[in-house]
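There are 2 protein chains.
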Amino acid sequence: MQIKDIYDKYLIEEIKKVEFLARVRTHRQGKVVSFLVLNDGTTLNDVQVVYKPEVKGYSEIQNARVSSVVKVWGELVLTPDKPQPFEIQANEVALLDEAAEDYPLQKKEHSPEFLREIAHLRVRTKTFQSIFRLRSSLAYAIHKFFQEQNYVYVNAPIITGNDAEGAGEAFLVTTRTDGNHEEDFFGKKASLSVSGQLHAEAYAQAFNKIYTFGPTFRAEESNTSRHAAEFWMIEPEIAFIDLAKNLEIIENMIKFVINYVFENNKAELEFCDANLEEGLINKLTNAKDSKFVTNTYEQAIEILQKAVEQGKEFENKNIKFGMDLGSEHERYICEEVYKSPVFIINYPKDIKAFYMKLNDDNITVAASDLLVPGIGELVGGSQREDDFGKLKKRCLEMNVNINELDWYNNLRNYGYYKSAGFGLGFERLVMYITGASNIRDVISFPRTPKNLLF
Amino acid sequence: MQIKDIYDKYLIEEIKKVEFLARVRTHRQGKVVSFLVLNDGTTLNDVQVVYKPEVKGYSEIQNARVSSVVKVWGELVLTPDKPQPFEIQANEVALLDEAAEDYPLQKKEHSPEFLREIAHLRVRTKTFQSIFRLRSSLAYAIHKFFQEQNYVYVNAPIITGNDAEGAGEAFLVTTRTDGNHEEDFFGKKASLSVSGQLHAEAYAQAFNKIYTFGPTFRAEESNTSRHAAEFWMIEPEIAFIDLAKNLEIIENMIKFVINYVFENNKAELEFCDANLEEGLINKLTNAKDSKFVTNTYEQAIEILQKAVEQGKEFENKNIKFGMDLGSEHERYICEEVYKSPVFIINYPKDIKAFYMKLNDDNITVAASDLLVPGIGELVGGSQREDDFGKLKKRCLEMNVNINELDWYNNLRNYGYYKSAGFGLGFERLVMYITGASNIRDVISFPRTPKNLLF
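For the record, the sequence lines run as chains A and B. Oh and the first sequence: position 4 is 4 in our numbering, straight run, nothing missing. Oh and the second sequence: position 102 is 556 in our numbering, straight run, nothing missing.
Below is the structure:
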């Protein structure tokens, strides 16, 4: 029997006898009665066990420390007058494995920094149980959203010979320590993928609708709360659609996953709302029930210029068409102006990637970022350039190695009529949904500069 | 409208007018009528379009080459006398993008080797459409199997500082070409993970039931049809269970995913049965409907010894207790002896990993491999050593770096009562289900020694 089963069933049928294994969260001994608070990881809910000196196994359980594994046989008794809905009155208890005294998660508050150093144990706390169960549900919701609409899941390669998008921020993959790539495992320079999009496009031409969901890597020396060297991305790509349809898919996807966790992870969301971000559930309810705003980049610049005129203190107040929006600007727009997810579309071509479709103005590209409160950019997408000549010209202008990308550019020669897609940073989604404020706390074993524990 | 929608709907409701975009598979021109066979990637099924010289757009479509993208407006006409159930009589056609003449997939047979060199295009063929749609369905079925039973999906880290399981076969991850790891991105030696199991165990202690599903890497210089440098693994781990329960979970999982593709991918399976492995559907039906066989390693050795006595010509005929079973031995047992998936359990400790639970005989460990016809080893699993002292002793005996694995071994000190799990090589599962005989043909862009295209 698992504790989740007991919680799922006790309301719909009478349960008397229970028998389960669990870990000790707290243990309070008394002369007449003692109390064990137990959790087995199958649910956020603990179970309180009451035992008396006359129960079988009393002497061995008596000193059970926090984190020990115990087995309990007992009776479920409803407790309408207490905070918990029921408790277990033990008939028998057994200590299956005693935890050592130096178990670092004794009942007290710990700093996030300390907890990151024990990433193999922190996940036993309610905070990380909530975050990582939500992370799991979100991953499944994403698969469900796409699979139910006939998208094909593609595993884009992780090791890649294309450095096109890497821009010097790709990790090398090698079996040598001398940089001799000709003699290397692959006979050439290999790196870890920063994006599966180019490969995804080839698959979208075959299957119409596809998505990737896998790890991507960036050897970026930035120690912020939103960057990690290893993170997961979802990169859907759809043939025969334009930017407007792309926005629709992004919006539907975000709403679908919010609805999914509302239906399946109420307890975890409530815990996050109470402990990680006040108003979290409210924020997510608003997002799923309202139509996302769409602004052009040009409109966004006007909004920011007006804000500066009215005295808004941005760190970068030099707002002008052509600039890259900073996180402070993105967050101002979605958090203060609209209090809602906001699409920004039609960015200047010079600040976006070479493969984005040039708009008729010859200045902007059919790109779309989705900004959400608390995070800033959550999704980046675009319609792709479908004209071989224009694509090649953009490659040259932006110093992209054309030879390496021959196969990619050539897709345009073999029947290519519109394609659009986007990249969703999975950890940012988990942060948005849980209210966790540091990316290191939504990754099981986070990797950042000079930090490779476990 | 997508071609899949037309196929899904035409039997249950009357469809007259249709309008869709698709790619040209074949084009046969006649003086009176011409025929386009089109596919849009949403289904394996093609649509035949009939058009006459008087249709709108005739002159532009007239020379449409293979792989061009066209749009068709027309009427659906049932054709009970022809092989295809219906055809489209066009009223209007438009050529949206013309394919170049050198499109390499003209209508003829191509060798698998040639197709691997155009991995970005080969997926437009029916063979690869079948394989990769099945791969996608299998991935989803695996998530579904575990999520519906309350397992938590964990992304084990890809970049790791543990070399414990690597045994010299791990790729280095670096930003330098001089092998100076102290000055490297992580300030220490980093490699690509060969398994997420150790991290998975830490999470199973927190959540009870978890699974990973991610890429793993091996810098192995072997050019066989079953090895790749980059492949995906599923590694479930369950706390509080023993080996017997582990076998039950493996068997249920395999049967679940077979049932899932039987329900959702009939067309693809039939294509694979007809083109990749004769008797495929029969083989899978048997597997899902029968109880898997379980033999001990000792029994397997006896079977093989008897086979040799009776004249079986193995390459390695020196069969004795303590040997590692070769692929030929594994396949003999499941293909010739049992014609069924077979679990082999209780292997000698010396040929298995340090973390497997020592049996009471002190000679064997509680390990289990699942062998399946056509593949050999599909799953490897074990109950884990739960005794800190015994685990440490095994590390020392097997030259495993204890300091690196301090955190892992230490899990045993913080309340650890049984744990078991397994690793499923995803590509091997895809090969088993599709009948594809080379791992390079079930990976979108395969990576093998001296081979890194795209």
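Just so you know, even glycine gets a beta-carbon here, dropped at the ideal spot from N, CA and C.
For chain A, is any of its Cβ atoms less than 9 Å away from the one on B:F586?
yes
Extract the residue ranges of the alpha helix (DSSP H) inside the region 530-595 of chain B, only unbroken runs of 4 or more that lie entirely within it.
Whole alpha helix (DSSP H) segments, 4+ residues: 566-571 and 573-576.
Using a Cβ-Cβ cutoff of 7 Å, what residues of the region 136-157 of chain A are near chain B? List them in chain order.
The region 136-157 of chain A vs chain B, Cβ under 7 Å: S136, A139, Y140, H143, Q147, N150, V152, Y153, V154, N155, A156 and P157.
Taking 8 Å as the cut-off, is the beta-carbon of A:I344 closer than that to any non-hydrogen atom of the ligand NAP?
Among the components of this structure there are no ligands whatsoever, and the ligand NAP is therefore not found.
Taking 9 Å as the threshold (C-beta atoms), are A:F343 and A:E328 in contact?
Contact: no.
Using only the alpha-carbon positions, how far apart do B:Q518 and B:A476 sit?
Sequence inspection shows Ala at residue 518 of chain B; the Gln mentioned does not correspond to that position. Cα to Cα, the separation comes out at about 12 Å.
Would A:Y7 and A:T43 qualify as a contact pair, given that the criterion is a beta-carbon distance under 9 Å?
yes
Should B:Q583 go down as buried or exposed, given a rule of 16 or more other Cβ atoms within 10 Å for buried?
Taking every protein chain shown into account, the CB of B:Q583 has 16 or more other CB atoms within 10 angstroms, so this residue is buried.
Assign A:Q48 to one of three DSSP states: helix, strand, or coil.
strand
Per DSSP, which one or two residues make a beta bridge with A:V455?
Missing from the structure shown is residue 455 of chain A; chain A here goes from 1 to 454 and no further.
Span separating the alpha-carbon of B:V524 from that of A:R384
19 Å
What are the residues of the region 67-86 of chain A that lie near chain B, defined by any Cβ-Cβ distance shorter than 8 Å?
S67, S68 and V69
Excluding the 5 residues preceding and the 5 following A:E330 in the sequence, name in chain order all residues of the same chain whose CB lies nearer than 7 Å to its CB.
Sequence-distant Cβ neighbours of A:E330 in its own chain, meaning closer than 7 Å and more than five residues away, are L371, G376 and E377.
Following the continuous alpha helix (DSSP H) through B:I712, name the residue where it begins and the one where it ends.
Judged by DSSP secondary structure, B:I712 falls within the alpha helix (DSSP H) whose first and last residues are L697 to N718.
To which residues of the same chain is B:Y886 closer than 7 Å at the C-beta, ignoring the five residues directly before and after it?
V826, G828, I829 and L832.
Is A:G389 helix, strand or coil when you go by DSSP?
helix
Backbone CA spacing between B:G835 and B:Y862 [nearest angstrom]
18 Å
Kindly indicate which three-state DSSP category A:F207 falls into: helix, strand or coil?
Per DSSP, reduced to three states, the secondary structure at A:F207 is helical.
Among A:E169, A:V37 and A:P157, which residue has its Cα nearest to the Cα of A:H27?
A:V37
Which partner residues does B:M687 have in the DSSP bridge list?
Residue pairing from DSSP places B:M687 in a beta bridge opposite B:G668 and B:G879.
Closer than 8 Å is the cut-off here; do at least three beta carbon pairs connect the region 703-719 of chain B with the region 730-747 of chain B?
yes
Counting beta carbon pairs with one atom in the region 413-428 of chain A and one in the region 546-565 of chain B, are three or more of them shorter than 8 Å?
yes
Among residues of its own chain, excluding the 5 on either side of A:M1, which ones have a beta-carbon nearer than 7 Å to its beta-carbon?
Result list for A:M1: V18, E19 and F20, in chain order.
Using a C-beta cutoff of 9 Å, does A:H329 count as contacting chain B?
no
Considering A:S34, what are the terminal residues of the beta strand (DSSP E) in which it resides?
S34 to N39
Does the beta carbon of A:E13 come closer than 9 Å to any beta carbon on chain B?
No, because no Cβ of chain B sits closer than 9 Å to the Cβ of A:E13.
In angstroms, rounded to a whole number, what distance separates the CA positions of B:L549 and B:V504?
15 Å
Please check the pair A:R226 and A:I439, which I expect to be a contact at CB under 8 Å, by giving their CB distance rounded to whole angstroms.
Yes, A:R226 and A:I439 are in contact; Cβ-Cβ is about 6 Å, under 8 Å.
Quick check: the Cα distance between A:G179 and B:Y786, rounded to an integer number of angstroms?
Approximately 44 Å between the Cα atoms of the pair.
Name the DSSP bridge partner or partners of B:K510?
B:E546
Tell me, please, whether the CB atom of B:F808 is closer than 9 Å to any CB atom in chain A?
For B:F808, not one C-beta of chain A is nearer than 9 Å to its own C-beta.
For the candidate residues B:P539, B:D814, B:Q516 and B:L532, whose alpha-carbon lies nearest to that of B:E552?
B:Q516
Please confirm if the region 677-694 of chain B is in contact with the region 639-653 of chain B, defined as three or more CB-CB distances below 8 Å between the two stretches.
yes
Return helix, strand or coil for B:M885, following the three-state DSSP convention.
helix
What ranges does the alpha helix (DSSP H) occupy inside the region 307-356 of chain A, keeping only unbroken runs of at least 4 residues that lie completely in it?
327-331
Contacting residues, own chain, Cβ-Cβ under 8 Å from A:K245 (five flanking each side not counted)
I238 and A420
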